[in-house]
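Trainee: The structure follows.
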Amino acid sequence: MLEWSQANSVRCLYLLADPNSTQTAGLAHRLDFKFVDVRVQLSLEIGAPNASKVQESRARTAREPDIPALQAIARGAHQDSRFFFDTNFPRARAEDLFATWIAKDCAGRADKVLTVERGSSGPLGYITCNLSKDSNTGRIGLVGVASEFRGKGVGKTLICGALQWFWSVGAQKIAVVTQMRNVAAQRLYQRAGFRTESVRVWYHRWF
Ligand SMILES: CC(C)(COP(=O)(O)OP(=O)(O)OC[C@H]1O[C@@H](n2cnc3c(N)ncnc32)[C@H](O)[C@@H]1OP(=O)(O)O)[C@@H](O)C(=O)NCCC(=O)NCCS
Numbered sequence: 005m006l007e008w009s010q011a012n013s014v015r016c017l018y019l020l021a022d023p024n025s026t027q028t029a030g031l032a033h034r035l036d037f038k039f040v041d042v043r044v045q046l047s048l049e050i051g052a053p054n055a056s057k058v059q060e061s062r063a064r065t066a067r068e069p070d071i072p073a074l075q076a077i078a079r080g081a082h083q084d085s086r087f088f089f090d091t092n093f094p095r096a097r098a099e100d101l102f103a104t105w106i107a108k109d110c111a112g113r114a115d116k117v118l119t120v121e122r123g124s125s126g127p128l129g130y131i132t133c134n135l136s137k138d139s140n141t142g143r144i145g146l147v148g149v150a151s152e153f154r155g156k157g158v159g160k161t162l163i164c165g166a167l168q169w170f171w172s173v174g175a176q177k178i179a180v181v182t183q184m185r186n187v188a189a190q191r192l193y194q195r196a197g198f199r200t201e202s203v204r205v206w207y208h209r210w211f
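Right under this line is the structure:
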């Protein structure tokens, strides 16, 4: 892989490793892979949402005019990700990654994108939802809340709206990925009933 990467002008090679393998950890170290993240996948089996939760959710579908506001949030929201932790990536490019991600998801790449507004605030955050082909399983992609509105229940409203949408289209199991260093996100998902399903280690090898 290293030879192939060099021959093909790859600048950064990602390795997603089993944390139980001493051999992989040793080899990664010897071959100059840098540890950048612990990937935590959580999942939830969903049942019918109860009435109080349905009332609680005031999330709405994000539309094209919301994109600039959501991009501004996305640029600053994902600093726990490996693209910010690994400072070989220029910060502006890491910000662009998430701004592009949310714009593409809103433009139809995701099956559903929800946002929340309070009064005339404009969009305060986003959650993107993807469905498997058979609609049985769902995956939450990107979640973010504007920094000045965190800790005020916006994240909870977004999760609640997403779970209602997944339930309405027949999904039974929902998965989401976050970082081990992102305690706020883990607690947000745990609060909604998600439980840890798997853990993997991310390494980057630069050339
Ligand atoms: C993670 C994030 C979406 C949470 O949104 P939020 O609107 O602040 O969350 P809420 O106010 O709705 O809180 C919901 C639950 O999350 C937990 N939580 C939220 N922020 C927390 C923090 N800083 N520390 C610990 N727990 C936190 C709490 O358990 C809370 O439930 P409770 O108050 O009933 O106990 C927000 O912090 C954010 O945008 N972070 C940056 C982007 C990000 O990390 N996205 C996830 C990528 S996978």
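Each number in my numbering corresponds to the 1-based position in the sequence shown with 4 added.
Quick reminder that beta carbons are idealized off the backbone N, C-alpha and C, glycines included.
(1) Does Asp-22 pass the burial test, meaning 16 or more other C-beta atoms within 10 Å, or should it be called exposed?
(2) Which residues in the same chain as Ala-150 place their Cβ atom closer than 7 Å to its Cβ, once the five residues preceding and following it in sequence are excluded?
(3) Using the beta-carbon of each residue, find all residues closer than 6 Å to any heavy atom of ligand 1 and list them in chain order.
(4) What residue range does the alpha helix (DSSP H) around Phe-170 cover?
(5) Ends of the beta strand (DSSP E) at Asp-3?
(6) Where do the ends of the alpha helix (DSSP H) carrying Asp-100 lie?
(7) When burial is assigned at 16 or more other CB atoms within 10 Å of the CB, is Trp-210 buried or exposed?
Mentor: Reading it off the structure:
(1) Exposed, by the Cβ-count rule.
(2) Same-chain partners within the cutoff: Ile-77, Leu-128, Gly-129.
(3) So the residues near ligand 1 by this Cβ test are Ala-81, His-82, Asp-84, Val-147, Gly-148, Val-149, Arg-154, Gly-155, Lys-156, Gly-157, Val-158, Gly-159, Lys-160, Thr-182, Asn-186, Val-187, Ala-188, Ala-189, Arg-191, Leu-192, Arg-195.
(4) From DSSP, the alpha helix (DSSP H) with Phe-170 extends over 158-172.
(5) Outside the displayed range of the chain (5 to 211) lies residue 3, so it cannot be described from this structure.
(6) Per DSSP, the continuous alpha helix (DSSP H) segment holding Asp-100 begins and ends at 95-108.
(7) With fewer than 16 other Cβ atoms from the protein chains shown falling within 10 Å of its own Cβ, Trp-210 counts as exposed.
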